[in-house]
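A short write-up of the structure that comes next.
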Amino acid sequence: MLPVSILDQTPITKNQTSQEALKQTIELAQLADQLGYTRYLVAEHHNLKDVIGTSPEILTMHLLNQTKNLRIGSGGVMLQHYHPLKIIEQFHLMDELSNHRVDLAVGKAPGGYPKVTEILKEELKEHYFSFDEKFEILNRLNTQNFDNSSKYAGLKTAKRKSEISSVPVYLLGTSLNSVIQAAEAKVGVIYAFFINAEQEALEEALEAYKSRFPEGRFIVSIPAMVTAVGDNQLPFRFSQRHFELISKDGRRTVLNTKAQVDDYLSQTDETFEVTEKRMHIISGNKEEVQSKLDEINRKHMIDEWMLHMPIPNHKLRMNTVRQLAPTN
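Here the sequence shown stands for residues 7 to 334, numbered as in the working numbering.
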(Lines of atoms letter the chains of each structure in order from A; the text may use other names.)
(Lines give C-alpha, C1' and ligand atoms only; values in the text may rest on other atoms or scores of the structure.)
Protein backbone atom coordinates (compact mmCIF):
# COMPACT_ATOMS: atom_id res chain seq x y z
CA MET A 7 0.00 0.00 0.00
CA LEU A 8 1.18 3.51 -0.80
CA PRO A 9 1.96 5.97 2.01
CA VAL A 10 -1.15 7.87 3.07
CA SER A 11 -1.43 11.48 4.24
CA ILE A 12 -4.21 13.96 5.02
CA LEU A 13 -5.22 17.39 3.75
CA ASP A 14 -7.39 19.21 6.30
CA GLN A 15 -9.23 22.46 5.56
CA THR A 16 -10.64 22.64 9.13
CA PRO A 17 -14.33 22.60 8.18
CA ILE A 18 -16.82 24.30 10.47
CA THR A 19 -20.60 23.90 10.64
CA LYS A 20 -23.06 26.69 11.36
CA ASN A 21 -23.62 25.29 14.86
CA GLN A 22 -19.94 25.04 15.81
CA THR A 23 -17.58 27.48 17.48
CA SER A 24 -14.12 28.02 16.01
CA GLN A 25 -12.57 26.35 19.04
CA GLU A 26 -14.68 23.23 18.49
CA ALA A 27 -13.66 23.01 14.82
CA LEU A 28 -9.98 23.50 15.67
CA LYS A 29 -10.19 20.87 18.41
CA GLN A 30 -11.45 18.39 15.81
CA THR A 31 -8.49 19.17 13.56
CA ILE A 32 -6.15 18.49 16.49
CA GLU A 33 -7.91 15.19 17.29
CA LEU A 34 -7.71 14.10 13.65
CA ALA A 35 -3.98 14.90 13.48
CA GLN A 36 -3.28 13.03 16.71
CA LEU A 37 -5.15 9.98 15.42
CA ALA A 38 -3.20 10.10 12.14
CA ASP A 39 0.02 10.34 14.15
CA GLN A 40 -0.88 7.21 16.11
CA LEU A 41 -1.86 5.23 13.00
CA GLY A 42 1.26 5.77 10.91
CA TYR A 43 0.16 8.40 8.41
CA THR A 44 3.00 10.19 6.63
CA ARG A 45 2.03 13.86 6.71
CA TYR A 46 -0.82 16.17 7.69
CA LEU A 47 -1.20 19.41 5.74
CA VAL A 48 -3.51 22.28 6.66
CA ALA A 49 -5.02 24.70 4.17
CA GLU A 50 -5.19 28.48 3.85
CA HIS A 51 -8.56 30.11 3.21
CA HIS A 52 -9.82 33.62 3.94
CA ASN A 53 -13.29 34.89 4.82
CA LEU A 54 -15.08 31.66 3.91
CA LYS A 55 -17.96 30.57 6.11
CA ASP A 56 -17.45 26.79 5.97
CA VAL A 57 -13.69 26.55 6.66
CA ILE A 58 -11.54 28.46 9.15
CA GLY A 59 -7.93 27.60 8.33
CA THR A 60 -6.67 31.15 7.79
CA SER A 61 -3.06 30.78 8.99
CA PRO A 62 -1.45 27.44 8.14
CA GLU A 63 1.87 28.45 9.68
CA ILE A 64 0.27 28.98 13.11
CA LEU A 65 -1.82 25.81 12.95
CA THR A 66 1.22 23.87 11.72
CA MET A 67 3.25 24.91 14.75
CA HIS A 68 0.44 23.99 17.13
CA LEU A 69 -0.03 20.56 15.53
CA LEU A 70 3.71 19.92 15.68
CA ASN A 71 3.46 20.41 19.43
CA GLN A 72 0.51 17.99 19.63
CA THR A 73 2.10 15.13 17.64
CA LYS A 74 5.31 13.08 17.73
CA ASN A 75 6.13 11.52 14.37
CA LEU A 76 3.77 12.97 11.77
CA ARG A 77 5.12 15.45 9.25
CA ILE A 78 3.06 18.65 9.47
CA GLY A 79 2.84 21.54 7.06
CA SER A 80 0.87 23.86 4.83
CA GLY A 81 -1.44 22.61 2.14
CA GLY A 82 -0.75 25.25 1.20
CA VAL A 83 0.48 28.78 1.73
CA MET A 84 -1.12 31.05 -0.89
CA LEU A 85 2.12 32.61 -2.03
CA GLN A 86 0.63 35.57 -3.90
CA HIS A 87 -0.19 37.27 -0.58
CA TYR A 88 3.31 37.19 0.97
CA HIS A 89 6.99 37.80 0.41
CA PRO A 90 8.88 34.51 -0.03
CA LEU A 91 11.52 35.51 2.53
CA LYS A 92 8.97 35.71 5.34
CA ILE A 93 7.53 32.31 4.41
CA ILE A 94 10.95 30.65 4.38
CA GLU A 95 11.89 32.29 7.68
CA GLN A 96 8.73 30.93 9.30
CA PHE A 97 9.07 27.39 7.97
CA HIS A 98 12.80 27.13 8.64
CA LEU A 99 12.22 28.19 12.24
CA MET A 100 9.36 25.71 12.68
CA ASP A 101 11.52 22.96 11.20
CA GLU A 102 14.31 23.64 13.67
CA LEU A 103 11.82 23.64 16.57
CA SER A 104 10.24 20.33 15.55
CA ASN A 105 13.06 17.91 14.79
CA HIS A 106 12.70 18.51 11.05
CA ARG A 107 9.07 17.43 10.59
CA VAL A 108 7.89 20.41 8.50
CA ASP A 109 6.64 20.45 4.89
CA LEU A 110 5.95 23.58 2.85
CA ALA A 111 3.35 23.34 0.10
CA VAL A 112 2.46 26.51 -1.79
CA GLY A 113 -0.45 27.30 -4.07
CA LYS A 114 -1.30 29.77 -6.81
CA ALA A 115 -4.93 30.34 -5.82
CA PRO A 116 -6.01 33.30 -3.64
CA GLY A 117 -7.79 31.15 -1.05
CA GLY A 118 -10.71 33.56 -0.81
CA TYR A 119 -13.07 35.92 -2.60
CA PRO A 120 -11.90 39.05 -4.50
CA LYS A 121 -12.65 41.49 -1.64
CA VAL A 122 -10.40 39.81 0.92
CA THR A 123 -7.79 39.06 -1.77
CA GLU A 124 -7.50 42.76 -2.60
CA ILE A 125 -7.11 43.62 1.09
CA LEU A 126 -4.35 41.03 1.55
CA LYS A 127 -2.48 42.41 -1.49
CA GLU A 128 -2.76 46.12 -0.62
CA GLU A 129 0.77 46.51 0.76
CA LEU A 130 2.28 44.59 -2.17
CA LYS A 131 0.83 46.70 -4.99
CA GLU A 132 3.88 48.93 -5.39
CA HIS A 133 6.27 45.98 -5.65
CA TYR A 134 4.28 43.28 -7.42
CA PHE A 135 5.91 39.93 -8.14
CA SER A 136 4.28 37.28 -10.30
CA PHE A 137 3.75 33.84 -8.79
CA ASP A 138 6.54 32.45 -10.98
CA GLU A 139 8.99 35.06 -9.66
CA LYS A 140 7.97 34.43 -6.06
CA PHE A 141 8.19 30.67 -6.50
CA GLU A 142 11.73 30.90 -7.84
CA ILE A 143 12.81 33.24 -5.03
CA LEU A 144 11.21 30.97 -2.42
CA ASN A 145 13.05 27.89 -3.69
CA ARG A 146 16.36 29.73 -3.86
CA LEU A 147 15.90 31.11 -0.34
CA ASN A 148 15.06 27.62 0.89
CA THR A 149 18.37 26.24 -0.38
CA GLN A 150 20.40 29.48 0.03
CA ASN A 151 21.15 29.35 -3.70
CA PHE A 152 21.94 32.90 -4.83
CA ASP A 153 24.89 34.44 -6.65
CA ASN A 154 26.92 36.91 -4.62
CA SER A 155 25.56 39.71 -6.80
CA SER A 156 21.96 39.03 -5.72
CA LYS A 157 20.34 41.21 -3.06
CA TYR A 158 19.24 37.95 -1.39
CA ALA A 159 22.78 36.58 -1.14
CA GLY A 160 23.96 35.95 2.41
CA LEU A 161 20.54 36.25 4.04
CA LYS A 162 20.33 33.92 7.02
CA THR A 163 17.30 32.11 8.40
CA ALA A 164 16.99 29.89 11.48
CA LYS A 165 18.82 27.11 9.64
CA ARG A 166 22.44 27.56 10.69
CA LYS A 167 24.74 24.55 10.86
CA SER A 168 21.60 22.44 10.61
CA GLU A 169 21.77 18.76 9.64
CA ILE A 170 18.75 19.44 7.39
CA SER A 171 19.49 22.60 5.43
CA SER A 172 16.08 23.12 3.79
CA VAL A 173 12.43 22.10 4.09
CA PRO A 174 10.66 19.91 1.50
CA VAL A 175 8.66 22.09 -0.90
CA TYR A 176 5.57 21.03 -2.84
CA LEU A 177 3.51 22.86 -5.45
CA LEU A 178 -0.27 22.47 -5.36
CA GLY A 179 -1.97 22.22 -8.72
CA THR A 180 -4.05 20.42 -11.30
CA SER A 181 -2.74 21.86 -14.55
CA LEU A 182 0.00 20.47 -16.76
CA ASN A 183 1.81 23.80 -16.53
CA SER A 184 1.98 23.61 -12.72
CA VAL A 185 3.24 20.03 -12.79
CA ILE A 186 5.99 20.92 -15.28
CA GLN A 187 6.88 24.00 -13.23
CA ALA A 188 7.33 21.81 -10.14
CA ALA A 189 9.45 19.30 -12.03
CA GLU A 190 11.72 22.01 -13.43
CA ALA A 191 12.10 23.50 -9.94
CA LYS A 192 12.82 20.01 -8.59
CA VAL A 193 10.10 20.12 -5.94
CA GLY A 194 7.22 17.79 -5.17
CA VAL A 195 3.66 17.99 -6.51
CA ILE A 196 0.33 17.69 -4.72
CA TYR A 197 -2.21 17.07 -7.45
CA ALA A 198 -5.78 18.06 -6.50
CA PHE A 199 -7.78 15.16 -7.94
CA PHE A 200 -10.79 16.48 -6.04
CA ILE A 201 -10.78 19.48 -8.40
CA ASN A 202 -9.80 17.72 -11.62
CA ALA A 203 -10.89 14.07 -11.49
CA GLU A 204 -10.16 13.26 -15.13
CA GLN A 205 -8.05 10.10 -15.27
CA GLU A 206 -6.40 11.04 -18.57
CA ALA A 207 -5.37 14.46 -17.23
CA LEU A 208 -3.87 12.84 -14.12
CA GLU A 209 -1.86 10.34 -16.13
CA GLU A 210 -0.66 13.02 -18.54
CA ALA A 211 0.49 15.09 -15.55
CA LEU A 212 2.24 12.09 -13.98
CA GLU A 213 4.13 11.29 -17.17
CA ALA A 214 5.13 14.92 -17.71
CA TYR A 215 6.44 15.19 -14.14
CA LYS A 216 8.24 11.85 -13.91
CA SER A 217 9.89 12.25 -17.32
CA ARG A 218 11.45 15.53 -16.16
CA PHE A 219 12.07 14.70 -12.50
CA PRO A 220 12.01 10.91 -11.95
CA GLU A 221 12.98 11.11 -8.28
CA GLY A 222 10.34 13.75 -7.50
CA ARG A 223 7.39 12.99 -5.24
CA PHE A 224 3.95 13.05 -6.89
CA ILE A 225 1.17 13.08 -4.28
CA VAL A 226 -2.48 12.80 -5.31
CA SER A 227 -5.06 14.45 -3.06
CA ILE A 228 -8.15 12.30 -3.36
CA PRO A 229 -11.71 12.95 -2.11
CA ALA A 230 -12.47 9.79 -0.16
CA MET A 231 -14.66 8.73 2.77
CA VAL A 232 -15.23 5.30 4.30
CA THR A 233 -18.99 5.39 4.70
CA ALA A 234 -19.62 1.76 5.63
CA VAL A 235 -18.14 -0.70 8.10
CA GLY A 236 -19.06 -4.24 7.14
CA ASP A 237 -22.73 -4.16 6.24
CA ASN A 238 -23.42 -1.06 8.31
CA GLN A 239 -23.91 2.10 6.26
CA LEU A 240 -22.86 5.25 8.10
CA PRO A 241 -24.78 8.55 7.80
CA PHE A 242 -23.39 10.34 4.75
CA ARG A 243 -24.71 13.46 3.03
CA PHE A 244 -22.81 15.73 0.70
CA SER A 245 -23.57 18.17 -2.09
CA GLN A 246 -21.95 16.42 -5.02
CA ARG A 247 -21.71 19.42 -7.32
CA HIS A 248 -19.32 22.34 -7.39
CA PHE A 249 -18.58 25.27 -9.68
CA GLU A 250 -15.31 26.06 -11.40
CA LEU A 251 -14.54 29.68 -12.34
CA ILE A 252 -11.87 30.09 -15.01
CA SER A 253 -10.39 33.51 -15.70
CA LYS A 254 -9.14 34.71 -19.09
CA ASP A 255 -5.54 34.00 -18.02
CA GLY A 256 -6.39 30.46 -16.90
CA ARG A 257 -6.65 30.93 -13.13
CA ARG A 258 -9.15 28.52 -11.57
CA THR A 259 -11.35 28.96 -8.51
CA VAL A 260 -13.63 26.23 -7.18
CA LEU A 261 -16.80 27.06 -5.22
CA ASN A 262 -19.41 24.75 -3.72
CA THR A 263 -22.72 26.55 -4.30
CA LYS A 264 -24.40 28.87 -6.81
CA ALA A 265 -24.80 31.44 -4.02
CA GLN A 266 -21.03 31.43 -3.50
CA VAL A 267 -20.51 31.97 -7.23
CA ASP A 268 -22.89 34.95 -7.23
CA ASP A 269 -21.16 36.41 -4.16
CA TYR A 270 -17.73 35.94 -5.75
CA LEU A 271 -18.70 37.57 -9.05
CA SER A 272 -20.29 40.52 -7.25
CA GLN A 273 -16.89 41.40 -5.78
CA THR A 274 -14.93 41.65 -9.03
CA ASP A 275 -15.04 43.25 -12.47
CA GLU A 276 -13.19 40.30 -14.00
CA THR A 277 -14.92 38.00 -16.46
CA PHE A 278 -15.01 34.27 -15.68
CA GLU A 279 -16.22 31.18 -17.47
CA VAL A 280 -18.39 29.31 -14.96
CA THR A 281 -18.72 25.53 -15.28
CA GLU A 282 -20.84 23.31 -13.05
CA LYS A 283 -19.21 19.99 -12.20
CA ARG A 284 -19.81 17.03 -9.95
CA MET A 285 -17.33 16.31 -7.18
CA HIS A 286 -17.31 12.54 -7.05
CA ILE A 287 -16.32 11.42 -3.58
CA ILE A 288 -14.94 7.90 -3.46
CA SER A 289 -17.07 6.23 -0.80
CA GLY A 290 -18.07 2.83 0.48
CA ASN A 291 -16.40 0.35 2.79
CA LYS A 292 -12.64 0.13 3.17
CA GLU A 293 -12.22 -2.49 0.45
CA GLU A 294 -14.34 -0.56 -2.06
CA VAL A 295 -12.40 2.66 -1.48
CA GLN A 296 -9.06 0.88 -1.74
CA SER A 297 -10.14 -0.84 -4.97
CA LYS A 298 -10.98 2.53 -6.52
CA LEU A 299 -7.62 3.95 -5.47
CA ASP A 300 -5.86 0.99 -7.09
CA GLU A 301 -7.82 1.65 -10.27
CA ILE A 302 -6.77 5.32 -10.32
CA ASN A 303 -3.14 4.26 -9.82
CA ARG A 304 -3.31 1.72 -12.64
CA LYS A 305 0.05 2.87 -14.05
CA HIS A 306 1.74 2.63 -10.63
CA MET A 307 3.31 6.08 -10.87
CA ILE A 308 1.68 7.77 -7.87
CA ASP A 309 3.98 8.05 -4.85
CA GLU A 310 1.48 8.86 -2.11
CA TRP A 311 -2.23 9.36 -1.43
CA MET A 312 -3.48 12.41 0.43
CA LEU A 313 -7.00 12.08 1.82
CA HIS A 314 -9.25 15.09 1.36
CA MET A 315 -12.42 14.64 3.43
CA PRO A 316 -14.70 17.60 2.59
CA ILE A 317 -17.41 16.57 5.05
CA PRO A 318 -17.97 18.47 8.32
CA ASN A 319 -18.83 15.19 10.06
CA HIS A 320 -16.13 14.54 12.63
CA LYS A 321 -17.14 10.95 13.40
CA LEU A 322 -17.13 10.05 9.72
CA ARG A 323 -13.75 11.70 9.18
CA MET A 324 -12.25 9.91 12.19
CA ASN A 325 -13.67 6.59 10.98
CA THR A 326 -12.18 7.14 7.52
CA VAL A 327 -8.76 7.82 9.02
CA ARG A 328 -8.99 4.64 11.11
CA GLN A 329 -10.17 2.46 8.22
CA LEU A 330 -7.63 3.68 5.65
CA ALA A 331 -4.68 3.78 8.03
CA PRO A 332 -1.45 2.42 6.52
CA THR A 333 -1.05 0.24 9.62
CA ASN A 334 -4.22 -1.73 8.72
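Where is the CB? At the ideal position from N, CA and C, for every residue including glycine.
Do the stretch 67-81 and the stretch 133-152 make contact, defined as three or more Cβ pairs closer than 8 angstroms?
-> no
CA nearest to the CA of residue 27, picked from 332, 331, 334 and 320 = Your numbering for residue 27 matches position 21 in the sequence shown. The candidate whose alpha carbon is nearest that of residue 27 is 320.
Could you have a look at residue 84 and say whether DSSP puts it in helix, strand or coil?
-> The count along the sequence shown starts at 1 and reaches residue 84 at position 78. Three-state DSSP puts residue 84 in a strand.
For residue 108, which residues of its own chain have a beta-carbon under 6 angstroms away from its beta-carbon, when the five flanking residues on both sides are left out?
-> Residue 108 sits at position 102 when you count from the first residue of the sequence shown. The answer, listed in chain order, is 79, 97, 100, 101 and 173.
Should residue 45 be labelled buried (16 or more other beta-carbon atoms within 10 Å of its own) or exposed?
-> The residue given as residue 45 occupies position 39 in the sequence shown. Classification for residue 45: buried.
Do you know how far the Cα of residue 51 is from the Cα of residue 259?
-> By 1-based counting over the sequence shown, the position of residue 259 is 253. By 1-based counting over the sequence shown, the position of residue 51 is 45. Distance between the alpha carbons of residue 259 and residue 51 is about 12 angstroms.
Can we say the stretch 187-199 touches the stretch 211-221, given the rule of at least three CB pairs closer than 8 angstroms?
-> yes
Pairing CB atoms from the stretch 218-232 with CB atoms from the stretch 290-310, are three or more of them under 8 angstroms?
-> yes
Mind checking who residue 229 pairs with in its DSSP beta bridge?
-> Position 223 of the sequence shown, counted from the first residue, corresponds to residue 229. In the DSSP output, where bridge partners are listed per residue, residue 229 has 314.
Starting from residue 94, trace the alpha helix (DSSP H) both ways and give me its first and last residue.
-> The residue given as residue 94 occupies position 88 in the sequence shown. Residues 90-103.
Smallest Cα separation from residue 211: which of 308, 185 and 103?
-> Mapped onto the sequence shown, residue 211 falls at position 205. The shortest Cα separation from residue 211 among 308, 185 and 103 belongs to 185.
Please classify residue 314: is it buried, with 16 or more other beta-carbons within 10 angstroms of its beta-carbon, or exposed?
-> Here the question's residue 314 lines up with position 308 in the sequence shown. Residue 314 is buried by the Cβ-count criterion.
How is the alpha helix (DSSP H) around residue 74 delimited, first residue to last?
-> Start at 1 with the first residue of the sequence shown, and residue 74 comes out as number 68. Looking at the DSSP string, residue 74 is not in any alpha helix (DSSP H), and its letter there is neither H nor E.
Please determine if the stretch 9-29 and the stretch 50-66 are in contact, where contact requires at least 3 C-beta pairs separated by less than 8 angstroms.
-> yes
Within 10 angstroms of the Cβ of residue 256, are there 16 or more other Cβ atoms? Answer buried if so, exposed if not.
-> Within the sequence shown, numbered from 1, the residue matching residue 256 stands at position 250. Under this definition residue 256 is an exposed residue.
Could you please give me the residues that DSSP links to residue 283 through a beta bridge?
-> In the sequence shown, the residue the question calls residue 283 occupies position 277. DSSP output for residue 283 lists 248 as bridge partner(s).
What residue from 156, 115 and 149 has the CA that sits closest to residue 137's CA?
-> The count along the sequence shown starts at 1 and reaches residue 137 at position 131. Checking every option, the nearest Cα to that of residue 137 belongs to 115.
Quick one: grab the DSSP three-state call for residue 43.
-> Working through the sequence shown from its first residue, we reach residue 43 at position 37. Three-state DSSP puts residue 43 in coil, outside helix and strand.
For the stretch 270-290 and the stretch 148-163, state whether three or more C-beta atom pairs, one from each stretch, are separated by less than 8 angstroms.
-> no
Nearest neighbour of residue 73, chosen from 94, 90 and 32 [CA to CA] | The residue you call residue 73 lines up with position 67 of the sequence shown. Among 94, 90 and 32, the Cα nearest to that of residue 73 belongs to 32.
If residue 331 sits next to residue 42, beta carbons under 8 angstroms apart, how far is it from one beta carbon to the other, in whole angstroms?
-> Start at 1 with the first residue of the sequence shown, and residue 331 comes out as number 325. Start at 1 with the first residue of the sequence shown, and residue 42 comes out as number 36. Yes, they are in contact, since the Cβ atoms of residue 331 and residue 42 sit about 6 angstroms apart, within 8 angstroms.
Residue of 283, 222 and 225 minimising C-alpha distance to residue 342 | In the structure as shown, the chain starts at 7 and stops at 334, and residue 342 therefore has no counterpart that could be examined.
Look at the Cβ atom of residue 106, then the Cβ atom of residue 196, and state whether they are nearer than 7 angstroms.
-> Counting from 1 along the sequence shown, the entry for residue 106 is found at position 100. Counting from 1 along the sequence shown, the entry for residue 196 is found at position 190. It is not a contact, given that the beta carbons lie outside the stated cut-off.
Of the listed residues 200, 261, 327 and 300, nearest to residue 286 (C-alpha basis) = Translated into the one-based positions of the sequence shown, residue 286 becomes position 280. For residue 286, the nearest C-alpha among the options comes from 200.
CA-CA distance, residue 135 and residue 110?
-> By one-based count along the sequence shown, residue 135 stands at place 129. By one-based count along the sequence shown, residue 110 stands at place 104. Approximately 20 angstroms, taken between the alpha carbons.
Going by C-alpha distance, which of 24, 90 and 85 is nearest residue 65?
-> Within the sequence shown, residue 65 is the residue found at index 59, counting from 1. For the residues 24, 90 and 85, the minimum Cα distance to residue 65 belongs to 24.
Classify residue 304 as buried or exposed, calling it buried when 16 or more other Cβ atoms lie within 10 Å of its own Cβ.
-> Translated into positions along the sequence shown, residue 304 becomes position 298. It counts as exposed.
If you draw a straight line from the C-alpha of residue 30 to the C-alpha of residue 153, how long is it?
-> Your numbering for residue 30 matches position 24 in the sequence shown. Your numbering for residue 153 matches position 147 in the sequence shown. Those two C-alpha atoms are separated by around 46 angstroms.
Does the Cβ of residue 326 have 16 or more other Cβ atoms within 10 Å, making it buried, or fewer, making it exposed?
-> For this step, residue 326 is matched to residue 320 along the sequence shown. Per the 10 Å Cβ criterion, buried.
Measure the C-alpha to C-alpha separation of residue 71 and residue 194 and round it to an integer number of angstroms.
-> Mapped onto the sequence shown, residue 71 falls at position 65. Mapped onto the sequence shown, residue 194 falls at position 188. Computed Cα separation, rounded: 25 angstroms.
How would you write the range of the beta strand (DSSP E) that residue 115 sits in, first residue to last?
-> Taking the sequence shown and counting its residues from 1, the one referred to as residue 115 is at position 109. No beta strand (DSSP E) holds residue 115; DSSP gives it neither H nor E.
Mind checking which residues open and close the alpha helix (DSSP H) that includes residue 155?
-> Residue 155 sits at position 149 when you count from the first residue of the sequence shown. Where residue 155 is concerned, there is no enclosing alpha helix (DSSP H), given that its DSSP letter is neither H nor E.
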